[in-house]
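Presented below is the structure to which this report refers.
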Amino acid sequence: MPPFSVLHVCMGNICRSPMAERLLVVAARELAGDKADELLLVHSTGTGGWHAGDRMDPSAARQVLSRGGDVEDFRARQLAAEHIEASDLILTATGEQYEFVLGLAVDAADRTFVLGEFGRLLPAVDLSALPPAAPDADAVYARGVALVSAAARIRRGRPPLPGDDLDDPWGRGHDYFGRVADEIEATVRPLAAALLGG
1 MPPFSVLHVC MGNICRSPMA ERLLVVAARE LAGDKADELL LVHSTGTGGW HAGDRMDPSA
61 ARQVLSRGGD VEDFRARQLA AEHIEASDLI LTATGEQYEF VLGLAVDAAD RTFVLGEFGR
121 LLPAVDLSAL PPAAPDADAV YARGVALVSA AARIRRGRPP LPGDDLDDPW GRGHDYFGRV
181 ADEIEATVRP LAAALLGG
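Residue numbering for the sequence shown follows full-length UniProt numbering, starting at 1 and increasing by one per position.
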């Protein structure tokens, strides 16, 4: 069985989604060490392709590095249907990108959330009702699929709220990027704990 796959989506794939990608990896490695890379596949894309092949925005990279992450091998990519099909959980930066994902793959609705929306729903999930957490790819996959299904049931088809969106920090200062990174961590850290136990 493949690792549980989390796809982060923003507009250009150089600020918000790469920070979310790499900060989820940081959180997972804190819980599972190097084995985290076998348990989770975390990747990111942008709805637009104008930055394809570019490195992470320097301000975004500084946030990732300052929080224990790695940025060396990152290259921006444009979202395609195959990225959605290969992902078990899709987390978008905004409601606009959520709609973009569903425009490419309407059947992904129950596994696509705005990042802040998922963070808002996660505390309502009864983690004790999920398959048990274990440092095993099959266990993490089963728990992840159940977690996503539980969050979709709690959402009950309601659309994301405007407050679920992550502000775009592109072209802003260090403090602005720091606030957005804090908001990302507020979701990806509990997500990692829910998936891996901890």
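Yeah, the Cβ is synthetic: ideal placement off N, Cα and C, and Gly gets one too.
All figures in this text were calculated on a predicted structure; none of them were measured in a lab.
Where do the N-terminal and C-terminal ends of the beta strand (DSSP E) with residue i fall, by residue?
{"i": "THR112", "result": "112-114"}
{"i": "PHE4", "result": "4-10"}
Assuming residue i contacts residue j under a Cβ cut-off of 8 Å, what Cβ separation, rounded to an integer in Å, is found between them?
{"i": "ALA192", "j": "LEU31", "result": "6 Å"}
{"i": "GLY46", "j": "ASN13", "result": "3 Å"}
{"i": "PRO23", "j": "VAL188", "result": "The amino acid occupying residue 23 in the given sequence is Leu; Pro does not appear at that position. The Cβ separation is near 5 Å, so the contact holds."}
{"i": "MET11", "j": "GLY49", "result": "With 8 Å as the limit, MET11 and GLY49 do not qualify as a contact, their Cβ atoms being about 11 Å apart."}
{"i": "SER17", "j": "ALA86", "result": "The pair is not a contact, with the Cβ atoms about 16 Å apart (cut-off 8 Å)."}
{"i": "VAL114", "j": "ASP168", "result": "That pair is no contact at about 14 Å."}
{"i": "LEU91", "j": "PHE118", "result": "6 Å"}
List the DSSP bridge partners of residue i.
{"i": "CYS15", "result": "For CYS15, which the question treats as bridged, DSSP gives no partner whatsoever."}
{"i": "GLN97", "result": "Beta-bridge pairing links GLN97 to no other residue."}
{"i": "GLN78", "result": "GLY46"}
In this structure, how does DSSP classify residue i when only helix, strand and coil are distinguished?
{"i": "VAL125", "result": "coil"}
{"i": "ILE42", "result": "Correcting the residue type first, residue 42 is Val in the shown sequence and not Ile. It is a strand residue."}
{"i": "THR92", "result": "strand"}
{"i": "residue 204", "result": "Since the displayed the chain opens at 1 and closes at 198, residue 204 lies outside it and no answer follows."}
{"i": "PRO162", "result": "helix"}
{"i": "ASP57", "result": "coil"}
{"i": "VAL180", "result": "helix"}
{"i": "HIS51", "result": "coil"}
{"i": "VAL71", "result": "coil"}
{"i": "LEU196", "result": "helix"}
{"i": "ARG172", "result": "coil"}
Starting from residue i, follow the alpha helix (DSSP H) in both directions and report where the run begins and ends.
{"i": "VAL140", "result": "137-155"}
- Evaluate contact between the segment 124-136 and the segment 46-62, counting only Cβ atoms and requiring at least three cross-stretch pairs below 8 Å. no
- Between the segment 31-40 and the segment 74-82, do at least 3 Cβ pairs fall closer than 8 Å? Short answer: they don't touch.
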